[in-house]
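Trainee: Protein chains in written order, with my numbering: chain A, 71 to 434; chain E, 358 to 450. Next up is a structure, given as structure tokens.
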Amino acid sequence: MSAVPELEKRLLERIRNSKVSLRIMHVCGTHERTIAKYGLRSVLPKSIDVISGPGCPVCVTPEEDVNIAIALAKSGATVVTFGDMMRVPGSAESLLNAKSEGADIRMVYSIDDAVSIAEKKPELEVVFFGIGFETTVPANAAALIRNTPENFSLLASQKRTPPAIELLANDANVDAFIAPGHVATIIGTKPFEPLAKKGFPVVVSGFEASDILLGINLLQMQVEEGCSRVDNGYPRAVKPEGNQIALKIMDKVFETSDSEWRGIGRIENSGLVLRKEFEEKDAAKKYEDFYASSLEDIHKKAERKDKKRCICAAILTGKAKPPQCPNFGKECTPKVPAGPCMVSQEGMCYNWFKYSREGGSKLA
Amino acid sequence: MCIAIPGKIKAIVNESIATVDMGGICRNVKMDLLGGASESMLGKHVLVHVGYAISEISEEESEETMRLLKQIAGLEDVGTFEGMSDAFESESP
């Protein structure tokens, strides 16, 4: 245990001694949590700027999908989802607001908990609002392959990360990327190679402070060597080929589609939707007729609501930092979030708010 | 959302479920994404996400991380990977 500060201290020394300046984007909410928790930004030299990209699946789930989940619950379905989704604002309200008004909305840890509810209560129409990146999607696929009861369906709002990162590489002012470690346990390191080919140094990192520092130093070393490649800084959990079993299971159930990212817009091939063979489990198909009518009502209701807009879009794309938002810490706090980045424990605003006030475990 | 917690496989419940000790809390975890559960997995370390084991963490791979660190930071005098993170016994962020 005593080795921890020594390790981090030496990695910091190496980063400080390097002449390489970098503006680095990470694309994982759990990385943001580590960076904020350990106060890494305050100990890194000015030459290293670490910004957060769209790495929190809760933050990028579009308002429209939240709207549909709320509308389904209000129409009598039992909507089940992860706790983080509950307070994410839709156009007019959040799932938590709808629950307080009497809609049957429940929080679970896993898709299997939602399947259990459907099995135990056949009289309910259970819709699992499944959000997430490639880390989470294989679990949804495995549950569906196992066979689920007739009264269970999936409202899929699932995303693939590489297309979003590639889009940002073209658009954001970034020199290098820290790729998401747990996404990479599933997809491996290869999907990040196109980024490296475009000239961006990439490192896949783990989630300890020393993992992040190691990642930053590996990126500096690539620049010093005059090359760009994908380094695996998290080999204890990530194989270059990823988890082939999980990928096969995921591919059996889901196929890629274009998908809407909150704050960013539509990104080609960035979504994962149910294949035709699984369409009876697809809430989007099962409640197709219901969608159009309910969305119209929601939009009308939303227009009447005077909302102060946050700058989530700029924050999610690394163009602004949380304190630049006029609502940050005022109309928007973790208790009363105005935008999705303040809701999730992985949101950039949540972490800036929490750790800038409470202070992280600062390194030397 | 992509938080994954490391744990150690303590028991095999059936062909698709194992009991995993995550920092002192034992929980039944689905093993589908690692090809199912078998006795040969007892004692191994896995990363658990939304109730599913998503990746096996082997000692060999942890040594690889340590080797990488030593090579990069010249940390020959830093003993074991254990110090780096508690990654095998407790919750990681």
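Backbone N, C-alpha and C fix where the C-beta goes; we use that ideal spot for every residue, glycine too.
With A:ILE337 as the anchor, note down where its beta strand (DSSP E) starts and where it stops.
Mentor: Position 267 of the first sequence, counting from 1, holds the residue named residue 337 of chain A. Start and end: 335 to 344.
Trainee: For a contact meaning CB atoms closer than 7 Å, what does E:SER412 contact in chain A?
Mentor: Locating residue 412 of chain E in the second sequence gives position 55, counting from the first residue. Result: THR255, ALA307 and ASN313.
Trainee: Which of the residues in the stretch 229 to 256 of chain A, read from start to end, lie with their CB under 9 Å from any CB of chain E?
Mentor: Per Cβ criterion, the list reads PRO250, GLY251, HIS252, VAL253, THR255 and ILE256.
Trainee: Quick one: what's A:MET155 bridged to in DSSP?
Mentor: Locating residue 155 of chain A in the first sequence gives position 85, where the first residue counts as 1. Per DSSP, none; premise fails for A:MET155.
Trainee: Among A:GLU278, A:GLU349, A:ALA254 and A:SER298, which has the Cα closest to the Cα of A:THR205?
Mentor: Here residue 205 of chain A refers to the residue found at position 135 of the first sequence. Comparing Cα positions, the closest option is A:ALA254.
Trainee: Can you find the residues in the same chain that come closer than 6 Å, C-beta to C-beta, to A:ALA307, ignoring five residues on each side of it along the sequence?
Mentor: As a working mapping, residue 307 of chain A is identified with position 237 in the first sequence. Closer than 6 Å at the Cβ level, and outside the excluded window around A:ALA307, lie THR255.
Trainee: According to DSSP, is A:ARG84 helix, strand or coil?
Mentor: Counting from one through the first sequence, the residue named residue 84 of chain A turns up at place 14. Here A:ARG84 sits in helix by DSSP.
Trainee: For a contact defined as C-beta to C-beta under 7 Å, what are the partners of A:SER180 on chain E?
Mentor: Position 110 of the first sequence, counting from 1, holds the residue named residue 180 of chain A. Those within 7 Å of A:SER180 in chain E are VAL407 and GLY408.
Trainee: So what does DSSP say about A:PHE262, is it helix, strand or coil?
Mentor: The sequence position of residue 262 of chain A within the first sequence is 192, counting from 1. In the structure shown, A:PHE262 sits in a helix (DSSP, three-state: H, G or I).
Trainee: Measure from the C-beta of A:ILE319 to each C-beta in chain E and report whether the shortest distance is under 8 Å.
Mentor: Here residue 319 of chain A corresponds to residue number 249 of the first sequence, with the count starting at 1. With 8 Å as the cut-off, A:ILE319 counts as an interface residue toward chain E.
Trainee: With which residues is E:GLY364 paired in a DSSP beta bridge?
Mentor: Taking the first residue of the second sequence as 1, we reach residue 364 of chain E at position 7. The partner list for E:GLY364 (beta bridge, DSSP) reads E:VAL403.
Trainee: Using three-state DSSP, classify E:GLY440 as helix, strand or coil.
Mentor: To locate residue 440 of chain E, count along the second sequence from 1; it is residue 83. Low per-residue confidence applies at E:GLY440: pLDDT is 38, beneath 50, and the placement is therefore not dependable, though the value from the model is reported in the following sentence. It is helical.
Trainee: With distances taken between CB atoms, is the gap from A:MET418 to A:SER122 smaller than 8 Å?
Mentor: Taking the first residue of the first sequence as position 1, residue 418 of chain A is located at position 348. Taking the first residue of the first sequence as position 1, residue 122 of chain A is located at position 52. Yes.
Trainee: Let me make sure I understand the geometry here. Which of A:PRO115, A:PRO233, A:ALA162 and A:LEU214 has the alpha-carbon closest to that of A:GLU330?
Mentor: Within the first sequence, the letter at position 260 stands for residue 330 of chain A. Minimum Cα distance to A:GLU330 is reached at A:PRO233.
Trainee: Along the chain, where does the alpha helix (DSSP H) that runs through A:GLY169 open and close?
Mentor: Numbered from its first residue, the first sequence carries residue 169 of chain A at position 99. Rather than Gly, the amino acid found at residue 169 of chain A in this sequence is Lys. It spans 165 to 170 - the alpha helix (DSSP H) in which A:LYS169 sits, taken as one unbroken run.
Trainee: List the whole-angstrom C-beta distance separating A:PHE222 from A:VAL185, where the pair is believed to meet the contact cut-off of C-beta under 8 Å.
Mentor: Mapped onto the first sequence, residue 222 of chain A falls at position 152. Mapped onto the first sequence, residue 185 of chain A falls at position 115. Between A:VAL185 and A:PHE222 the Cβ distance is about 6 Å, and since that is below 8 Å, they are a contact.
Trainee: Mapping DSSP to helix, strand and coil, what is A:CYS419?
Mentor: As a working mapping, residue 419 of chain A is identified with position 349 in the first sequence. A:CYS419 falls in the helix class under three-state DSSP.
Trainee: Is it the case that the Cβ atoms of A:THR211 and A:MET291 are separated by a distance below 8 Å?
Mentor: Reading the first sequence from its first residue, position 141 is the one you call residue 211 of chain A. Reading the first sequence from its first residue, position 221 is the one you call residue 291 of chain A. Here residue 211 of chain A turns out to be Ala, not Thr, going by the sequence shown. Contact: no.
Trainee: For E:ASP378, would you say it is in contact with chain A, using Cβ-to-Cβ distances shorter than 8 Å as the test?
Mentor: Counting from 1 along the second sequence, the entry for residue 378 of chain E is found at position 21. Not one chain A Cβ lies under 8 Å of E:ASP378.
Trainee: Would you say E:ALA361 reaches chain A, if we count a Cβ-Cβ gap shorter than 8 Å as a contact?
Mentor: As a working note, residue 361 of chain E is residue 4 in the second sequence. Yes - at least one Cβ of chain A is within 8 Å of the one on E:ALA361.
Trainee: Assign E:MET441 to buried or exposed, taking buried as 16 or more other Cβ atoms, counted over all protein chains shown, within 10 Å of its Cβ.
Mentor: Translated into the one-based positions of the second sequence, residue 441 of chain E becomes position 84. A caution first: E:MET441 carries a pLDDT of 42, below 50, which makes its placement in the model unreliable, though a value can still be read off. Buried, because 16 or more other Cβ atoms sit within 10 Å of the Cβ of E:MET441.
Trainee: What is the DSSP secondary structure of A:LEU214, reduced to helix, strand or coil?
Mentor: Sequence index remark: in the first sequence, residue 214 of chain A carries index 144 (1-based). It is helical.
Trainee: At a CB distance below 8 Å, what residues from the stretch 142 to 165 of chain A approach chain E? Give them in sequence order.
Mentor: PHE152 and ASP154
Trainee: Does the stretch 335 to 350 of chain A come into contact with the stretch 245 to 253 of chain A, if we say contact requires no fewer than three beta-carbon pairs (one atom in each stretch) closer than 8 Å?
Mentor: no
Trainee: What are the partner residues of A:HIS96, as DSSP defines its beta bridges?
Mentor: Within the first sequence, numbered from 1, the residue matching residue 96 of chain A stands at position 26. A:HIS96 pairs with A:SER122 and A:ILE248.
Trainee: If we call anything under 8 Å between Cβ atoms a contact, is A:PRO305 one with E:LEU390?
Mentor: Reading the first sequence from its first residue, position 235 is the one you call residue 305 of chain A. Reading the second sequence from its first residue, position 33 is the one you call residue 390 of chain E. Against a cut-off of 8 Å, the Cβ pair of E:LEU390 and A:PRO305 comes out as no contact.
Trainee: Of all the CB atoms in chain E, is at least one closer than 8 Å to the CB of A:THR206?
Mentor: Locating residue 206 of chain A in the first sequence gives position 136, counting from the first residue. A:THR206 counts as touching chain E.
Trainee: Where does the unbroken beta strand (DSSP E) through A:THR326 begin, and where does it stop?
Mentor: If you number the first sequence from 1, residue 326 of chain A lands on position 256. Counting along the chain, the beta strand (DSSP E) containing A:THR326 begins and ends at 324 to 331.
Trainee: Please name the residue in A:GLY388, A:VAL406 and A:ASN397 whose C-alpha comes closest to that of A:MET95.
Mentor: Looking up residue 95 of chain A in the first sequence gives position 25. Out of A:GLY388, A:VAL406 and A:ASN397, A:GLY388 has the C-alpha closest to the C-alpha of A:MET95.
Trainee: Measuring straight from C-alpha to C-alpha, what distance separates A:LEU238 and A:ILE118?
Mentor: As a first step, residue 238 of chain A is located in the first sequence; it is residue number 168 there, counting from the start. As a first step, residue 118 of chain A is located in the first sequence; it is residue number 48 there, counting from the start. If you take the alpha carbons of A:LEU238 and A:ILE118, they lie about 19 Å apart.
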